[in-house]
Every structure is written in C-alpha cells, then in structure tokens.
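Visitor: Supplied in structure tokens, the structure appears directly below.
2 protein chains.
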Amino acid sequence: MDKIDRKLLNLLQDDASRTNAELAELVGLSPSSCLRRIRRLKESGVISHVVALLAPAKAGRGMKAFVTIELERHGEQYMRDFLERAAQETAVTQAYSVSGQTDAVLMLRLTDMDEFDALCERLFRERSNVARYYTMFVIRTAKEVTAIPL
Amino acid sequence: MDKIDRKLLNLLQDDASRTNAELAELVGLSPSSCLRRIRRLKESGVISHVVALLAPAKAGRGMKAFVTIELERHGEQYMRDFLERAAQETAVTQAYSVSGQTDAVLMLRLTDMDEFDALCERLFRERSNVARYYTMFVIRTAKEVTAIPL
DNA sequence: CGATTCTGTGCAATAAAATTGCAATCGACA
DNA sequence: TGTCGATTGCAATTTTATTGCACAGAATCG
C-alpha cells in the first residue's frame, strides 16, 4: 500500500466509473500497471464493493432519521435479537450497538411518517424489549460521504 | 421509472461492477436497451455516483462513533457555522442538523483515540459554541448499507 | 376510429476499453 | 555489486461499451 495505491483508492472512492486509462493517467502509470493494482486492491479486500449511489429524494426516500435505543434488559442475547430484527427492516440502513447510556443506534431512510409509525410499532412497541427510544429527524445534511479518508 | 428500472437500480446498488451484458441478461433486456436505461438513470440524477467502498479496518479506520451535539446558542447561523467546521474534518463522514433536544449528529470514522481527542478539542472545546456533546462508540455493526430500498 | 408521434426495443457494426504475455526495469538485500 | 522478486510498459488480443438503424407498442390528437 504505497502512495499510488492510496491515490487510486481516493479516486475510486470518489468516482469508480472512470476508465482505467483515465485512472492510469491521473496516477501516472500505464493502463496495465494501473489495472493490476486495482485488481490487487479488490482481491485483498481493501476495495470491498463497487456500488451505485442514488439520490435519496429521487428514489422516494428523502426522509432520514436517527433513533437511539435503550433496552429494557441488557444481555448480549437481547442485544443480538434486537439488532437482528432491526436489520431486517428495509427502512433501516444502519444498525449498531454502541457504548454509553444508549444501547443501539439506527439510521432510517423513510418515505413518509406512516412508514415511520409502522416501523416504531414493529420494532419498539410490539412485544419488544425497548425501554426508551429517541428519534432525531434529519433537518439538513451538511456532509454525507462513503469515502474513508486515507 | 418502471419495474425494470427499479430492478436495474437494485442490481447497481448492490454491485455496479457488473458488465452491461450481465445486467441486460438479469433484467431480460438486450445490452443496448439496458445501457440506454442506465444512461438515462444517470442523466436524470437518480444514480448520483458510482463509487468504490473500502473495508474500514483494512483502510485503517475501523473505529466508528456517533456524536450528538447541543449548541450553546441556537441561531441558524450558529448551526451553519458548526456544521461547516464539522464537515471540513476528514474524520467526519456524516454531519446533520436534527430535530429534538439534540441539535446536530456526527458520524466519525477514526483510526485511534488520539485522533478522537484531537477532533473533540478542535470541534467541541476550542472557542466553540458547543454546550454538551455525547459520544457513542460503535461496538458492533449489525447493518450498514448504502442501498436505498425501492 | 385511424393517423401520427413518441418512446422504447433488438440487431449488427463500430469504437472503446479491459486484459494478457512478455521482456525490461527497479529496488531491497545479501 | 550481484541476485531475486516484484512492478512496470508495450503491444497484441479479447472483451465490453456504444451507436445507427429499422421496427413495435403505447399514447395523443384530430
């Protein structure tokens, strides 16, 4: 993992639809060398996926929310159960167990409030182990990148 | 935006490195038709980017944290200032203003605690407008997808 | 109801891009 | 300084993307 690899990764994290020739040009390598490096980065798992990102609003899910959750009972198994149930919800795009007063954090992508209500019913109220949950609706997105700084 | 478009978007959100011929096969179209649809989806902005996703641990940023922030003074301009400063930090991958008791939420990708400490110093303590901040370190990631369900 | 337009389709030809073999070069290390 | 292993660039080859074109279906309008 040298300087060129990092440069390549930064470029690919920003826009993976560039042609290999273009990337080669940008990092100052021949196309073949460049391609071999990229392949190596994929095989080693540093690059885990190449995906298309959609504009949330145009995909009909412009509403975002964070939910912090405190569980009633705090065993490892309870946490596992809750996260598993949460992960199965399509509106849940991120689900974590965390340190601190809060036990879990969810990131939601919603179409409307009805969907939110139905989700809360299933996840937090219906025979659940949730003691308290606190919802923060996203008002403004100042930054949202998938790139990991190198 | 018909059924085939949605299918294409789901496929591309999952893996955008597939060849056009493969995608065409999967949605039951000819390669040329398929390509034209994808181009249309890009031009219309539904597909906003195509990016490489890295394995955080292998990229040296395995540590994640959420921070909720309450500001001292609550004007629009104060919020704007804070978010702008936060967004400039490379460790901050997501920055939002939110509804509720909390004013802002940050998502952090960190290499170590020293980086966290330095970030807090810059963002929360150094002549800042932050009244209180609460950090939740991610213990387990149960789900983390970029795909928007369609 | 029929003519017309518009949008989308498949096929085949073309252009562009990725991929590979190979010889040369670079750099670490003895 | 010589040797080994890894990386490079070039050029040939293969694969993939792209485009022109004619046709089919749906919607529009008189």
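As they're listed, the protein sequences go chains A and B.
If you count by our numbering, then the first sequence holds residues 15 to 164, one letter each, in order.
If you count by our numbering, then the second sequence holds residues 15 to 164, one letter each, in order.
Glycine included, C-beta positions come from ideal geometry on N, C-alpha and C.
Quick caveat, the model's predicted, so the values are computed rather than measured.
#1: Would you check if there are 3 or more beta carbon pairs closer than 8 angstroms linking the stretch 150-158 of chain B to the stretch 100-111 of chain A?
#2: If you follow the beta strand (DSSP E) that residue 65(A) is in, where does it begin and where does it stop?
#3: I think residue 61(B) touches residue 67(B), with their Cβ atoms under 8 angstroms apart; what is that distance to the nearest whole Å?
#4: Does the Cβ of residue 141(B) have 16 or more other Cβ atoms within 10 Å, making it buried, or fewer, making it exposed?
#5: In the structure shown, what three-state DSSP assignment does residue 158(A) receive?
#6: Applying the 10 Å Cβ sphere with the 16-neighbour rule, what's the burial state of residue 63(B)?
#7: Let me know if residue 71(B) comes out buried or exposed under the rule of 16 or more other beta-carbons within 10 Å of its beta-carbon.
#8: Counting only runs that start and end within the stretch 76-129 of chain A, where is the beta strand (DSSP E) found for 3 or more residues in a row?
#9: Who pairs with residue 150(A) in a beta bridge, going by DSSP?
#10: Give the single residue among 85(A), 49(A), 29(A), 117(A) whose Cα lies nearest to the Cα of residue 149(B).
#11: Compute the Euclidean distance between the alpha carbons of residue 133(A) and residue 119(A), then round it to the nearest angstrom.
#12: Who are the neighbours of residue 61(B) on chain A, taking C-beta pairs under 7 angstroms?
Guide: Judging by the given coordinates:
#1: yes
#2: Your numbering for residue 65(A) matches position 51 in the first sequence. Run containing residue 65(A): 61-68, per the beta strand (DSSP E) assignment.
#3: Here residue 61(B) refers to the residue found at position 47 when the second sequence is read from its first residue. Here residue 67(B) refers to the residue found at position 53 when the second sequence is read from its first residue. That pair is no contact at about 15 angstroms.
#4: Here residue 141(B) refers to the residue found at position 127 of the second sequence. Residue 141(B) comes out exposed.
#5: Sequence index remark: in the first sequence, residue 158(A) carries index 144 (1-based). Strand at residue 158(A).
#6: Stepping through the second sequence from its first residue, residue 63(B) is reached at position 49. Label assigned to residue 63(B): buried.
#7: Along the second sequence, one-based indexing puts residue 71(B) at 57. So residue 71(B) ends up on the exposed side.
#8: 77-85, 106-112, 118-124
#9: In the first sequence, counting from the first residue as 1, residue 150(A) sits at position 136. In the DSSP output, where bridge partners are listed per residue, residue 150(A) has 80(A).
#10: Working through the second sequence from its first residue, we reach residue 149(B) at position 135. Here the closest residue by C-alpha is 117(A).
#11: The sequence position of residue 133(A) within the first sequence is 119, counting from 1. The sequence position of residue 119(A) within the first sequence is 105, counting from 1. Using only the alpha carbons, I get a separation of about 15 angstroms.
#12: Against the second sequence, residue 61(B) aligns to sequence position 47. Under the 7 angstroms cutoff, chain A gives 66, 68.
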